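*Asks:*
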Amino acid sequence: MRIRKSQSRPLGFLIAASALLGGISLVLSIAPAQAQNQSQTPSQTPSQTIFEEQGSLQPMQHEHTFSGTKGQSVTISMISAEFDTFLALIDPDGQELAINDDYARSLNSTIVVTLPKDGTYKIVARSFSGQGGNYTVTVNPATEYDQAYSRGVNAYIEGDVGEAIEALSEAIEIDPDQPVTYLDRGDLYYEQGEIDAVIADYQKAADLYEEAGDMTTAQMLREQITYIQEGPDEPQETESESEN
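Quick note on my numbering: the sequence shown kicks off at 1 and runs consecutively.
(1) Would you call K204 buried or exposed, if buried means 16 or more other Cβ atoms sit within 10 Å of its Cβ?
(2) E158 by DSSP, collapsed to three states: which one?
(3) What is the DSSP secondary structure of G152, reduced to helix, strand or coil?
(4) When every heavy atom of the ligand ADP is checked, does at least one fall within less than 7 angstroms of the C-beta of Q203?
(5) At what residues does the beta strand (DSSP E) containing T120 begin and finish?
(6) Rounded to a whole number of angstroms, what is the C-alpha to C-alpha distance between P179 and E166?
(7) So, with DSSP's three-state summary, where would you put T217?
(8) For S67, count the other beta carbons within 10 Å of its own beta carbon; 16 or more makes it buried, fewer makes it exposed. Which is it?
(9) Look at the Cβ atom of A164, then the Cβ atom of A155, and state whether they are nearer than 8 angstroms.
(10) Do you know offhand how far L221's Cα is from D93's?
(11) Taking Cβ positions, are L168 and Y149 nearer each other than 8 angstroms?
(12) From the DSSP output, in three-state form, read off Y224 for me.
(13) Considering only residues of the same chain and omitting the five flanking positions on each side of R2, which have a CB-CB separation below 6 angstroms?
(14) Cutting at 6 angstroms between CB atoms, please list the residues of its own chain near E63, excluding the five before and the five after it.
(15) Drop a sphere of 10 angstroms on the beta-carbon of M78, count the other beta-carbons inside from all chains shown, and report buried for 16 or more, exposed for fewer.
(16) Just the Cα atoms here: how many angstroms apart are Q54 and V139?
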């Protein structure tokens with residue numbers, strides 16, 4: 001699905017690069033727009049942080065552990081300004097539950113998961129390209145926004161665009177100030193041919209980026225809106241063609 005002429009990509013572009021393992025709910029990647037801030041993190045309450053640790057890859061992988069409870073929903077994030085992150089979550093039995101590369105149009109990684117059992121969970125922090133650098137891993141209780149957003153992405157993976165739109169709309173109601181969610185929903189509206197809804201969501205995202213001081217992304221999105229409204233340029237008829 002390609003609806004824009006600039007660098008921003010639609011929701012499904014990198015879905016295949018991530019995986020849903022063992023029936024665990026997780027947030028998968030939404031392709032990065034190059035002009036967007038790579039440090040963006042999911043909506044969360046910092047005072048409730050379960051675990052936070054910093055490290056430096058040289059380049060290799062690091063492992064971190066935390067204690068979890070069956071039924072507990074958590075958001076695991078890995079952030080770095082120096083390299084493309086990659087996360088894996090291992091359950092107390094040593095089984096890989098979830099992996100993630102990119103999240104919310106950034107090169108950072110996030111997993112939203114409901115833990116299946118009590119015990120010690122292992123977070124494996126990696127560099128996607130093998131490049132090392134500094135990073136931060138955090139585990140927080142999953143917010144309502146995180147979980148709604150996760151349901152939206154998983155519904156899209158399962159081929160239910162309507163359910164995906166409904167879940168992303170719920171996420172927007174919970175936290176209406178996340179521009180990425182409008183962009184993702186706009187991409188899904190495009191799949192359904194709802195161009196007016198696409199434009200409305202892109203315009204809202206552009207306004208939010210402008211309010212945050214990101215004029216580059218705001219301008220890029222407005223150019224995309226113009227492109228959608230006007231459509232691709234018609235090929236010019238050559239003189240020989242007009243004579244025929």
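Positions of the beta carbon are idealized from the N, C-alpha and C atoms, including for glycine.
Keep in mind that this is a model prediction, so the values were computed, not measured.
*Replies:* Let me spell this out:
(1) In the sequence shown, the residue the question calls residue 204 occupies position 204. When all chains shown are included, K204 counts as buried.
(2) Along the sequence shown, one-based indexing puts residue 158 at 158. When DSSP states are grouped into helix, strand and coil, E158 belongs to the coil group.
(3) In the sequence shown, the residue the question calls residue 152 occupies position 152. DSSP places G152 in helix when its eight states are reduced to three.
(4) The ligand ADP is not part of the structure shown, which contains no ligands of any sort.
(5) For the purposes of this step, residue 120 is taken as residue 120 along the sequence shown, with counting starting at 1. For T120, the enclosing beta strand (DSSP E) covers residues G119 to S127.
(6) If you number the sequence shown from 1, residue 179 lands on position 179. If you number the sequence shown from 1, residue 166 lands on position 166. Looking at the backbone, the Cα of P179 and that of E166 are separated by about 17 angstroms.
(7) Stepping through the sequence shown from its first residue, residue 217 is reached at position 217. In the structure shown, the three-state DSSP call for T217 is helix.
(8) Along the sequence shown, one-based indexing puts residue 67 at 67. With a 10 Å radius around the Cβ and a threshold of 16 neighbouring Cβ atoms, S67 comes out exposed.
(9) Here residue 164 refers to the residue found at position 164 when the sequence shown is read from its first residue. Here residue 155 refers to the residue found at position 155 when the sequence shown is read from its first residue. Contact: yes.
(10) Position 221 of the sequence shown, counted from the start, is the residue given in the question as residue 221. Position 93 of the sequence shown, counted from the start, is the residue given in the question as residue 93. Straight-line measurement puts the Cα of D93 at about 45 angstroms from the Cα of L221.
(11) Position 168 of the sequence shown, counted from the start, is the residue given in the question as residue 168. Position 149 of the sequence shown, counted from the start, is the residue given in the question as residue 149. Yes, Cβ-Cβ distance for L168 and Y149 is below 8 angstroms.
(12) Residue 224 sits at position 224 when you count from the first residue of the sequence shown. With the sequence shown as reference, residue 224 is identified as Gln, and Tyr is not the correct amino acid for it. Note: Q224 maps to helix in three-state DSSP.
(13) Walking along the sequence shown from the start, residue 2 turns up at place 2. Any reading at R2 needs caution, since the residue's pLDDT is 33, under 50, leaving its predicted position unreliable; the model's value is listed next. The answer is none, since no qualifying residue turns up.
(14) Position 63 of the sequence shown, counting from 1, holds the residue named residue 63. Excluding five sequence positions before and after E63, the CB atoms of its chain that fall closer than 6 angstroms to its own CB belong to K122 and V124, given in chain order.
(15) Indexing the sequence shown from 1 puts residue 78 at position 78. With 16 or more other Cβ atoms within 10 Å, it is buried.
(16) Position 54 of the sequence shown, counted from the first residue, corresponds to residue 54. Position 139 of the sequence shown, counted from the first residue, corresponds to residue 139. The alpha-carbon atoms of Q54 and V139 are separated by roughly 12 angstroms.
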